[in-house]
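Below is one structure, written out as structure tokens; the observations come after it.
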Amino acid sequence: MTQIIAACESRTNTTPDFPMGWYSVARSHELLVGEVKRVQAFDRELALYRSRSGVPVLQDAFCPHLGAHLGVEGRVVGESLRCPFHGWRFDSSGQCVEIPYCDEIPDRARIRMWPVEERNGEIYVWFHPENTAPKYELPDLVELRDEQWTSPRYAEFEVPVHIQDIAENSCDPVHFQYVHKQMHTPESSVTIDDDGRILHLRSDMKDTDFPNQLHATVYQPGLAVVRTTYSPEAQMVVYNSAQPIDLNRTLLRWTLTVRREIEDLAGDDVMNGIIEGLSQDYPIWANKVHKQKPVFCREDKTLVMFRKWVRQFYVDVREIA
1081 MTQIIAACES RTNTTPDFPM GWYSVARSHE LLVGEVKRVQ AFDRELALYR
1131 SRSGVPVLQD AFCPHLGAHL GVEGRVVGES LRCPFHGWRF DSSGQCVEIP
1181 YCDEIPDRAR IRMWPVEERN GEIYVWFHPE NTAPKYELPD LVELRDEQWT
1231 SPRYAEFEVP VHIQDIAENS CDPVHFQYVH KQMHTPESSV TIDDDGRILH
1281 LRSDMKDTDF PNQLHATVYQ PGLAVVRTTY SPEAQMVVYN SAQPIDLNRT
1331 LLRWTLTVRR EIEDLAGDDV MNGIIEGLSQ DYPIWANKVH KQKPVFCRED
1381 KTLVMFRKWV RQFYVDVREI A
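Residue numbers (the working numbering): 1081 to 1401.
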């Protein structure tokens, strides 16, 4: 009997849906009062603006009238956003509050709004495929308010990969040896908080140019804090928040800061090293497929833990191995 060769996985492979959680859509300083921005996230077009009182607002992009994109040439009027096409105006609840040439406003003249919170110098949106309210709070990056830490440095990268595949690196100590050229796989452990919500990776990075102890705290796919300690007063924090553009593209936003004790001595070197390290991950991410049911070996314990942990962020866990 003739056996037909299966099509390449790059043509047939499917990724999971978007995991629920808080996702960055802009940095706070990038959105001025009265400014409107176009946002692409969750395979959707969205409109982001800052009202005259300073509140960030995120909504679906297209006007229910004739479909104009409110994030392109839309105008902030007080606490509302005005359509650039015919002047219909929508408040922060999504309700149309003015049609300049008509006194009667149709009941269906509404736009879907998204839960937004501003913290850590970023604007976040809560995403849940069933449109439920936020289930947990955002972490608070205390170092950004501490005078013992430097002013933050920012970096952004668009990566052509599903957001879960990026988060999976947090539980993959072996890749440090083969991708990041360490001499050995660092001694590592992965633990999960008693309530099951937050995952921790701790690694002894002794085979790097700057030997250190690494502690990655992963709150969800796309939201993590990596604290690196070189000595008691020589520390660095990398805050990683992500925007899922679509199922195969993710915008990473990194915020980096170091203790002032090492600012002049090595601060730039260690931050530049972390940023440069992404160039080593990029060709892997850009050319891999997402394995829903990977073949693990006995020593892949940390990756197996991650796959079990990450299920909680999906409505349909059948999508996740």
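The beta-carbon is built from N, C-alpha and C at its ideal position, and this holds for glycine as well.
- Task: Tell me whether P1096 sits in a helix, a strand or coil according to DSSP, three-state version.
- Result: coil
- Message: So, under 8 Å CB-CB, C1143 and W1168 are touching, yes? Tell me the CB distance rounded to an integer number of Å.
- Response: 6 Å
- Task: Starting from the C-beta of T1337, find all residues in its chain whose C-beta is less than 6 Å away, skip the five residues before and the five after it, and write them out in chain order.
- Result: E1223, W1229, T1230, P1232 and V1317
- Query: Tell me, which residues are paired with M1070 by DSSP?
  - Reply: A question about residue 1070 goes unanswered here, because the residues of the chain that appear run from 1081 up to 1401.
- Can the beta-carbon of D1245 be found closer than 8 Å to that of K1368? yes
- Work out the CA separation of N1320 and L1294 for me, nearest whole Å. 15 Å
- Exposure of H1242, with buried meaning 16 or more beta-carbon neighbours within 10 Å: buried
- Task: Work out the CA separation of L1281 and T1271 for me, nearest whole Å.
- Result: 7 Å
- Item | Residue span of the beta strand (DSSP E) that contains M1285, given as start and end | L1279 to M1285
- Anticipated Cβ contact below 8 Å, I1203 with V1105, distance rounded: 6 Å
- Message: According to DSSP, simplified to helix, strand and coil, what is D1171?
- Response: D1171 falls in the strand class under three-state DSSP.
- Beta-carbon separation (whole angstroms), F1237 vs L1358, contact threshold 8 Å: Indeed, because the Cβ distance is near 6 Å, the residues count as touching under 8 Å.
- Could you check if Q1315 is buried or exposed, using at least 16 other CB atoms within 10 Å of its CB as the buried criterion? buried
- Query: For the beta strand (DSSP E) that E1238 lies in, which residues bound it at each end?
  - Reply: R1233 to V1239
- Message: Does L1218 come out as helix, strand or coil in the three-state DSSP assignment?
- Response: coil
- Item | beta strand (DSSP E) segment containing L1126, residue limits | R1124 to R1130
- In angstroms with no decimal places, state the Cα-to-Cα distance between A1140 and N1292. Residue identity differs from the one stated: residue 1140 is Asp in this sequence, not Ala. Whole-angstrom Cα-Cα distance: 44 Å.
- CB V1152 to CB R1118, shorter than 8 Å? Contact flag set, yes.
- Task: With DSSP as the reference, label E1198 as helix, strand or coil.
- Result: Note: E1198 maps to strand in three-state DSSP.
- Message: Which of the three DSSP states is assigned to I1191 in this structure?
- Response: coil
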